[in-house]
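Numbering-wise, the sequence shown is residues 241 to 522 according to the numbering used here. Report on one structure; see the data block that follows.
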Amino acid sequence: MAGRMFGERPVGAVTLVETPVSRSYAQKARVAFLVVAASVALVVAATASVALPLVLAVVVGLLSGGVCGLVVACVVRVWPALRVLWWWALEIVAAVTVFVGMAYLSRATHPAVPLVLLVLVLGVVFGVGRVRRRVSAWVWCVVVRHRLRLCFAEFIRSASRLHPGRLPLILWARPTPAGERVWVWLRPGLDLTDLDGKADKLAVACWAGEARMVRASARHAALVRVDITRRDPLTGLVASPLSAWVAWMRDEDAPVSPAMPPLGLDLLDVPEPAPEQRNPRR
């Protein structure tokens with residue numbers, strides 16, 4: 241109880257949004273309420289005064305401004321929590337889809353049908369090598385997005401000159417032969433020079449061997465591409481039939497191009513061209 245009175249966090253508690261970020265967005269919510277409420281009230285009152293009495297138009301404007309300002313303030317206040325839900329939106333949608341689909345199949349058919357279908361899907365994913373590698377590559381893309389977000393949060397937290405909560409937007413990630421490629425949109429207060437020398441930390445955070453950060457657009461400096469390298473695709477052996485062809489042609493004559501003159505040609509036997517053929521321009 242004493243810890244709560246003094247604002248200390250209980251041991252083992254997990255906060256969805258950090259306290260400085262929550263206070264910052266609470267202040268932003270109050271400012272947003274005042275600005276939106278005043279703007280909407282003036283616009284609605286001025287517009288309604290054309291068809292309604294002035295007093296009634298002012299009342300309608302105040303009510304409209306209060307409602308709009310309250311809605312905007314609520315959105316701004318809960319935005320940190322909504323942002324966290326957006327970060328985990330893919331996992332939440334996948335989990336809800338699986339559970340709702342299994343419940344629907346269990347209700348529409350036999351309760352064992354969803355379990356059998358789930359076992360078959362998992363068997364194909366883990367049993368077929370090509371499918372397993374493809375699914376693993378996309379799973380790594382999801383993991384890398386979360387790891388990059390945590391790493392950027394540490395960078396911003398350690399730099400006191402940056403505003404708290406200005407996390408970059410992790411736009412998209414896709415697998416590559418060497419690892420993953422992620423596009424990041426930097427927020428105001430952060431540029432590519434602030435990330436110089438931090439590529440090794442990104443690689444450590446993503447459990448990879450190497451990370452590279454470059455600009456992804458010549459027009460927008462905020463768009464950055466992060467290449468995560470986990471393996472070298474050039475180290476693998478490539479099956480080629482050339483060795484079999486060389487072994488088959490070892491005891492045979494090498495083929496000769498038709499454009500080459502035959503061996504043993506005596507150039508003295510070739511007649512000289514006529515004078516008019518030597519200088520056709522004359």
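Note that beta-carbon positions come from the ideal geometry of N, C-alpha and C, so glycine has one too.
Expected contact under 8 Å - CB spacing of residue 409 and residue 424 to nearest Å:
Counting from 1 along the sequence shown, the entry for residue 409 is found at position 169. Counting from 1 along the sequence shown, the entry for residue 424 is found at position 184. Contact holds; Cβ gap of about 7 Å.
Unbroken beta strand (DSSP E) run spanning residue 467, endpoints:
Locating residue 467 in the sequence shown gives position 227, where the first residue counts as 1. Residues 463 to 469.
Beta-carbon proximity of residue 316 to residue 265, cut-off 8 Å:
By one-based count along the sequence shown, residue 316 stands at place 76. By one-based count along the sequence shown, residue 265 stands at place 25. Closer than 8 Å, so yes.
Proximal residues to residue 277 (C-beta, below 6 Å), its chain only, five neighbours per side dropped
Numbered from its first residue, the sequence shown carries residue 277 at position 37. 305, 306 and 309, listed in sequence order.
Please go through the region 356 to 434 and give each complete alpha helix (DSSP H) segment of 4 or more residues, from N-terminal end onward.
369 to 398
Count the other CB atoms within 10 Å of the CB of residue 339; is the residue buried (16 or more) or exposed (fewer)?
Counted from its first residue, the sequence shown places residue 339 at position 99. Per the 10 Å Cβ criterion, exposed.
N- and C-terminal bounds of the alpha helix (DSSP H) containing residue 444
Position 204 of the sequence shown, counted from the first residue, corresponds to residue 444. From DSSP, the alpha helix (DSSP H) with residue 444 extends over 439 to 445.
Helix, strand or coil for residue 451 per DSSP?
Here residue 451 corresponds to residue number 211 of the sequence shown, with the count starting at 1. If DSSP states are grouped into helix, strand and coil, residue 451 belongs with the strands.
Backbone secondary structure at residue 274 - three-state DSSP:
Within the sequence shown, the letter at position 34 stands for residue 274. Helix, per DSSP.
Quick check on the DSSP output: the alpha helix (DSSP H) that includes residue 330 runs from which residue to which?
Here the question's residue 330 lines up with position 90 in the sequence shown. Judged by DSSP secondary structure, residue 330 falls within the alpha helix (DSSP H) whose first and last residues are 329 to 348.
Nearest neighbour of residue 283, chosen from 473, 293, 297 and 468 [CA to CA]
Taking the sequence shown and counting its residues from 1, the one referred to as residue 283 is at position 43. Checking every option, the nearest Cα to that of residue 283 belongs to 297.
Please confirm whether residue 458 and residue 450 have their CB atoms less than 8 Å apart.
Counting from 1 along the sequence shown, the entry for residue 458 is found at position 218. Counting from 1 along the sequence shown, the entry for residue 450 is found at position 210. Contact: no.
Do you know how far the Cα of residue 303 is from the Cα of residue 396?
Mapped onto the sequence shown, residue 396 falls at position 156. Mapped onto the sequence shown, residue 303 falls at position 63. Distance between the alpha carbons of residue 396 and residue 303 is about 40 Å.
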